[in-house]
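Engineer: Protein chains in written order, with the UniProt record's numbering: chain A, 1 to 406; chain B, 1 to 406.
Glycine included, every Cβ here is placed at the ideal spot set by N, Cα and C.
Structure incoming, see below.
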């Protein structure tokens, strides 16, 4: 399988070659109300339901307006459908039947690919947590005492998860600088991004039954990119003692393409050494850990400002899943959990402006001569990523992008 | 309308008289797979879809297996349907047609009445927040500096909201006493309850557009009771800096009956005086505030341990809604937001064991001679509530109950 090549020219040497095959939901201008499942291949979106019909194996999982039914179908169905897509896109026999079902990427409007059930955001980068600790709690230990014992997480707002390209309206809220006597209310002055990786749950689990780390591939369908937009002034004032709320809940953007977990088999790497012994339910040192070598890039108005390395994350997705369900909490199809900001050890690998600019003290310089401590109106932020595939292939995640509106 | 009486004997002088008419979803042993919308009246559940058909006005909103379509229909539809139900249950003409559609409460199995979209939990009782501040942060100001400026809240897990009667499995998690060097993993030793009131959102709102306080009745369909089960040892170790997560997400129980907001018109009272001037978007002092005189009762193994008075809440549901959307976050049909623990000023009005027993130091005594610092296996907790209706009528909320399993 790893040496297969597509009959589609633009799939050769593409981050969307036959080893990737990410899923999304698209429509076209000709039929704007008709949402269909699409599979990205080269510079095209393959109408997946149509392709299955053309191949003589119609699929209710692919003939849908959301990835929901496919997500719910479970790992064996995912493998079977992926094998079918791979065959159809590599076997010349299918070229004539499938070619009319290829929509140029530029003609496809992408939609939120599934209904988000619960959204959980973790805090799994040691570099990010250390930087934020130093900024928010100067003089104290940067990491809280629990940090190396468990992946810290919290629930976010599922209803405001939006697809890449959705504009982000600058949120209003209560802002209070340490020097102010009382808060005032108005648009955030410290609008930020967080470059993250998100995991999409397919197979649900029973209430009362934890999912161990080795259940990761059974329950997780795939991976996307996440921009967890953050209003730092709102967040700083509200977050004690119950955590982030309105500083985050105005919008969370996700990339339109969900990269199947199977496409990331060659991206698996060992996570960093753990300097505190994990409790057994989080101890992946004797198993097959789920570190992932995903190279991310953050662009602000087209200019690259950071290259966060996901391989440096202290806690893996499998550990996050085990933690999230350790108390018996059930999973639902469509649950989304994100890694938290991905920041590496070097300054130019930090995944949030608050770290890149050190709380605004050291603004980012853009090629047009302007600087940014935080985001201004009309700024556009784009996060992209790639991971290694088989035989030198590159697995592309596409992008998650958004522009700030006043 | 306020003097209307039902032709149903058991509805007379009942907390489920014609001034209440709460909605739920039920099935019967004869047809266990058939979920229907029911309206509680006296000692019966009225098959609401059947009643509409019998009355000659079939309704797709009532002929459903969930309250979802009704919730989404909006305030004018809610008023129209409530007027119809009131007419059918008070006008003798309908007695013969509707009587066969009355199912004795004991024969109805109640289900989760709607799919919870996002679940938000507030922290709106000054007495509760003060007590917890004293317990968790001794020596410091009990209320955080933001507390009187905004209703503090956080997102909880929507997927583990369960209907009353669902057993609660004692959750496992990391526990670390201040005297322990490292955490261990095991069943919580400090399982607690939180007696709360929940608000059910019907009408959605647009992303980017805040809902002001006077939009409360347009968007909120009704009110239920909530038990926000809490594992205090897990919570204490995990909650800094991102708030409660696994200490709460194992289960949140809700009462099966949603009391329509219209049924609470006579329960409206002025909230407590605010000693910090609210910012304009939260300032209800010149309007018609949404304080609600709901008298709650908490029973542990049948013994009343507390009577929390909802009228003492510092922040109202309307303020919570305005806060939750102030940043432009959208509402979805099925969003549930809860008040946080309801605690009054007196010890016997505190809505959580951690307060009632002052962190376990002063256990609750039960009639069988046993005591409780926190919940033991097989303990059953039941929360009930009533509110004043018109002409001396009482509006009942029914109960939210749950038993602890090992």
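#1: Got a sec: which bits of the segment 195-229 of chain B sit with their beta carbon under 8 Å from any beta carbon on chain A, in order along the chain?
#2: Determine the closest residue to residue 178 of chain B out of B/127, B/280, B/297, B/237, with distance taken between C-alpha atoms.
#3: Have a look at the DSSP bridge pairing and note the partners of residue 187 of chain A.
#4: Counting only Cβ pairs nearer than 8 Å, list the residues of chain B close to residue 335 of chain A.
#5: Please state if the CB of residue 157 of chain A and the CB of residue 155 of chain B are separated by a distance shorter than 8 Å.
#6: Give the straight-line distance between the Cα atoms of residue 2 of chain A and residue 257 of chain A, rounded to the nearest whole angstrom.
#7: Determine the contact status of residue 312 of chain B and residue 345 of chain B, defining contact as a CB-CB distance below 8 Å.
#8: Listed from N- to C-terminal order along the chain, which residues in the segment 305-338 of chain A have their beta-carbon within a distance smaller than 8 Å of any beta-carbon of chain B?
#9: Quick one: Cα of residue 262 of chain B to Cα of residue 137 of chain B, how far?
#10: For residue 141 of chain B, decide whether its Cβ has a neighbour in chain A, counting only Cβ atoms nearer than 8 Å.
#11: Identify the contact partners of residue 192 of chain A in chain B, using a Cβ-Cβ distance below 9 Å as the criterion.
#12: Against chain B, with Cβ distances strictly below 8 Å, would residue 71 of chain A count as a contact?
#13: Taking all protein chains shown into account, decide if residue 347 of chain B is buried (16 or more other Cβ within 10 angstroms of its Cβ) or exposed.
#14: Where does the unbroken alpha helix (DSSP H) through residue 126 of chain A begin, and where does it stop?
#15: How about residue 252 of chain B and residue 226 of chain B: are their beta carbons less than 8 Å apart?
#16: Assuming residue 389 of chain A contacts residue 266 of chain A under a Cβ cut-off of 8 Å, what Cβ separation, rounded to an integer in Å, is found between them?
#17: Could you pull out every unbroken alpha helix (DSSP H) segment of at least 4 residues lying fully inside the segment 338-383 of chain A, listed in chain order?
#18: Could you list which residues in chain A have their beta carbon closer than 7 Å to that of residue 250 of chain B, in chain order?
#19: For a test of the three-state rule: what should DSSP assign to residue 155 of chain B, helix, strand or coil?
#20: Please state the DSSP three-state secondary structure of residue 69 of chain B.
#21: I'd like to know whether the C-beta of residue 406 of chain B is nearer than 8 Å to at least one C-beta of chain A.
#22: What are the complete alpha helix (DSSP H) segments, minimum 4 residues, inside the segment 58-126 of chain A?
#23: For residue 391 of chain A, count neighbouring C-beta atoms within 10 Å of its own C-beta (all shown protein chains included) and say buried if the count is 16 or more, exposed if not.
#24: Residue 28 of chain A by DSSP, collapsed to three states: which one?
#25: For a cutoff of 8 Å on Cβ pairs, would you count residue 238 of chain B as touching chain A?
#26: At a Cβ threshold of 8 Å, is residue 30 of chain A touching chain B?
#27: Alpha carbon to alpha carbon, how far is residue 62 of chain B from residue 214 of chain A? Give it in angstroms, no decimals.
#28: Using only alpha-carbon positions, find the residue among A/202, A/351, A/250 that is nearest to residue 206 of chain B.
#29: Rounding to the nearest angstrom, what Cα-Cα distance links residue 182 of chain B and residue 304 of chain B in this structure?
#30: Tell me whether the beta-carbon of residue 173 of chain A lies closer than 8 Å to the beta-carbon of residue 217 of chain A.
#31: Anything in chain A within Cβ reach of residue 150 of chain B, meaning under 7 Å, just list it in chain order.
#32: Would residue 314 of chain B pass as a contact of residue 271 of chain B if the rule is Cβ separation under 8 Å?
#33: Got a sec: is the Cβ-Cβ distance from residue 374 of chain A to anything in chain B below 8 Å?
#34: Whole beta strand (DSSP E) runs in the segment 185-244 of chain A with 3 or more residues, listed along the chain?
Structural biologist: Let me spell this out:
#1: 207, 208, 210
#2: B/237
#3: A/172
#4: 159
#5: yes
#6: Confidence is the limiting factor: at residue 2 of chain A the pLDDT is only 47, short of 50, which leaves the residue's position unreliable and the question unanswerable from this model.
#7: yes
#8: 323, 324, 326, 327, 328, 329, 330, 331, 332, 335
#9: 41 Å
#10: no
#11: None at all; the shortest Cβ gap to chain B is about 14 Å.
#12: no
#13: exposed
#14: 126-136
#15: yes
#16: 5 Å
#17: 353-356
#18: 327, 328, 329
#19: strand
#20: helix
#21: no
#22: 68-73, 75-90, 95-98
#23: exposed
#24: strand
#25: yes
#26: no
#27: 44 Å
#28: A/250
#29: 38 Å
#30: no
#31: 174, 238
#32: yes
#33: no
#34: 195-201, 220-227
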